[in-house]
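A short worksheet on the structure shown next.
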Amino acid sequence: MKKTDALTAIGLLAGVLLLGVSMATGDGGIKIFWSASSIAITIGGSLAAVCMTYPMDTFKKFGTLIGQAFKEEQNSTKEVITQFADLSKKARREGLLSLEDEINQLEDKFLKKGLQMVVDGIEPETIKEILDLEIQAMDERHSKGAGMFTTWGGYAPGFGMLGTLIGLIQMLQNLSDASTIASGMGTALITTFYGSLLANLFANPIGANLAKKNEQEIGMKEMMVEGILAIQSGVNPRIVEEKLITYLEPAERLKYLESNSENSEGVA
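Residue numbers (the working numbering): -7 to 260.
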């Protein structure tokens, strides 16, 4: 389950607002920054180049990936650690088969799959191999998506410059009218503006956003593998919890220990 990533939305809206206000308050207003042909060259041309770079299986996820950039995992690392602490207590107290009911209530497919293999009695080495392969496949899949936007961010300024060159060539063909040179130069530079805007306010940030979320998801799943194998091995619930909190940042670790100190003291 995922929730809205408010910070990503705020960052994009703030960037658009700041640029919009800056453009609107200058001489000529915001209308001087509008050029349909420049937009077509910058966005259309750069997307065409992306189409040539990536296969259809990756490119058709374009819209979905943009949506994912504005979503984040519902459960935090601390919540997952607490969940594993509870599961390990139950498994130690009632046996691994008692986790069957808990598994049916889980929403995370990766965790559900791992614990189901534990209940089914599959060897630890096999479970780790399967889950590691799943993490690897996910990483490769997500890296392609993030890379597509980073690639787009690299192409956009180039097509912006290409549009500017087209505008300059057209302007130089009409040097007989000196009054049009200044306005023609401004129009030519708009395409470079669009290319830089597309790359730095949208494409590159979205690519970096997806890459960072992929890193976070890999870390979460690696922590889950550690917890799943610890539960299968019958490790003391306190030790399971201590292992997993190493995945937290020092400040988060301290907060977690403080908020769970009373419960932790009662764990055998």
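Just so it is clear, CB atoms sit at the ideal spot from N, CA and C, and this is done for glycine as well.
Next item on the list: Please determine, among Glu244, Asn228, Gln224, Phe151, the residue with the shortest C-alpha to C-alpha distance to Ser90.
Entry: When only C-alpha atoms are compared, the closest one is Gln224.
Checklist line | Own chain residues within Cβ distance below 6 Å of Ala41, not counting five before or after | finding: Cβ neighbours of Ala41 beyond the five flanking positions: Tyr147.
Check: With 16 other CB atoms within 10 Å as the buried threshold, where does Ala180 fall?
Finding: With 16 or more other Cβ atoms within 10 Å, it is buried.
Item checked: Simplified DSSP assignment, three categories, for Lys23 -> In this structure, Lys23 counts as helix in the three-state DSSP scheme.
Next item on the list: Entirely within the stretch 215 to 252 and at least 4 residues each: give me those alpha helix (DSSP H) ranges in chain order.
Entry: Within the stretch 215 to 252, the complete alpha helix (DSSP H) segments at least 4 residues long are 229 to 236, 242 to 251, listed from N- to C-terminus.
Note to self: Measuring straight from C-alpha to C-alpha, what distance separates Trp276 and Gly12?
What the structure shows: This structure cannot speak to residue 276, because the chain is shown only from -7 to 260.
Note to self: Any contact between the stretch 13 to 33 and the stretch 180 to 195? By contact I mean 3 or more CB pairs, one from each, below 8 Å.
What the structure shows: Using a C-beta cut-off of 8 Å, the stretch 13 to 33 makes contact with the stretch 180 to 195, since at least three inter-stretch Cβ pairs fall below that distance.
Item checked: Glu250 burial status per 10 Å Cβ neighbour count (16 or more: buried) -> Classification for Glu250: exposed.
Notebook entry, point to check: From Leu79 to Leu154, what does the alpha carbon distance come to, in whole angstroms?
Noted result: Taken atom to atom, the span from the alpha-carbon of Leu79 to that of Leu154 is near 59 Å.
Checklist line | Top-ranked residue by Cα proximity to Leu236, from Ala32, Val217, Thr142, Lys247 | finding: When only C-alpha atoms are compared, the closest one is Val217.
Item checked: Rounded C-alpha distance that separates Ser188 from Ser38 -> Taking the CA atoms as reference points, Ser188 sits about 12 Å from Ser38.
Check: Between the C-alpha atoms of Phe76 and Asp(-3), what's the straight-line distance to the nearest angstrom?
Finding: Cα atoms of Phe76 and Asp(-3): separation of roughly 25 Å, rounded to the nearest angstrom.
Item checked: Rounded C-alpha distance that separates Lys(-5) from Thr238 -> Each residue's alpha carbon lies about 25 Å from the other.
Next item on the list: Consider the C-beta atom of Leu88 and the heavy atoms of the ligand HEM; say whether any pair is separated by less than 7 Å.
Entry: Annotation note on the ligand HEM: not contained in the displayed structure, which lists no ligands.
Check: What is the rounded straight-line gap between the Cα of Gly87 and the Cα of Val110?
Finding: In this structure, the alpha-carbon of Gly87 lies about 11 Å from that of Val110.
Margin query: Given this structure, state the Cα-to-Cα distance separating Asp19 from Thr50, to the nearest angstrom.
Written below: Rounded to the nearest angstrom, the two C-alpha atoms are 43 Å apart.
Next item on the list: Measure the CB-CB distance between Gly199 and Gly150 and report whether it falls below 8 Å.
Entry: For the 8 Å CB-CB criterion, Gly199 and Gly150 do not form a contact.
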